[in-house]
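Asker: Count the sequence shown with the working numbering and you get residues 212 to 361, in order.
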Amino acid sequence: MSDFGRGPTSGLTGPPKPPPHAAIQDGPPPGGYPPIDVRRNLPKVGPSGSTLLIGVGLITIYGFWGLSRSAQRRRRLNQEKYQVRLAITPFLQAEEDRQTVKQNRRRLRQEEELMKDVPGYQPGENVYKTRKYAPYVKPLVPGVGPQGLP
């Protein structure tokens, strides 16, 4: 067995040898070390907490004020839109009635042309036995406008 370069006294067989000379130990300076300052010594940066709280409060109040103003504006616009619709409703209804009369005349002409060979047929006569008036409802046909309907 090889001892990998160890000397003859470096084995574990005997007691350790004393150091060749006396150890020099480092100690405190005469009079001791100065006291260590362990207090928090952070620099004062930025506004205080109360200033921040007041600032956040003012910003919040300003935001709610802006929300109330926009709600009032939206309410006024909706009221104006309602009043405009209320004002033009008679004109829109008159236009719809005019189109209904025009369409009824066109349907009567077509009915007369179609049923001219049927004896005793009265064009425009109600085929149902009811007295209630139901306005004509335009069918919803994609791609066909009101002029293209019969």
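By construction, the Cβ of each residue, glycine as well, lies at the ideal position given by its N, Cα and C atoms.
Here the structure is a predicted model, which means the values were calculated and not measured.
Do P330 and E323 have their C-beta atoms closer together than 8 Å?
Answerer: No, the Cβ-Cβ distance between P330 and E323 is not below 8 Å.
Asker: How big is the Cα-Cα spacing for Q314 and P301?
Answerer: Answer to the nearest angstrom: the Cα atoms are 20 Å apart.
Asker: Considering only residues of the same chain and omitting the five flanking positions on each side of I235, which have a CB-CB separation below 7 Å?
Answerer: Nothing meets the Cβ criterion.
Asker: How far does the alpha helix (DSSP H) with G260 in it extend, from its first residue to its last?
Answerer: It spans G260 to L325 - the alpha helix (DSSP H) in which G260 sits, taken as one unbroken run.
Asker: Rank H232, V295, Q294 and E307 by C-alpha distance to the C-alpha of P346 and give the top, closest one.
Answerer: It is E307.
Asker: Measure the alpha-carbon distance for R309 versus G274 and round it to whole angstroms.
Answerer: Approximately 51 Å, taken between the alpha carbons.
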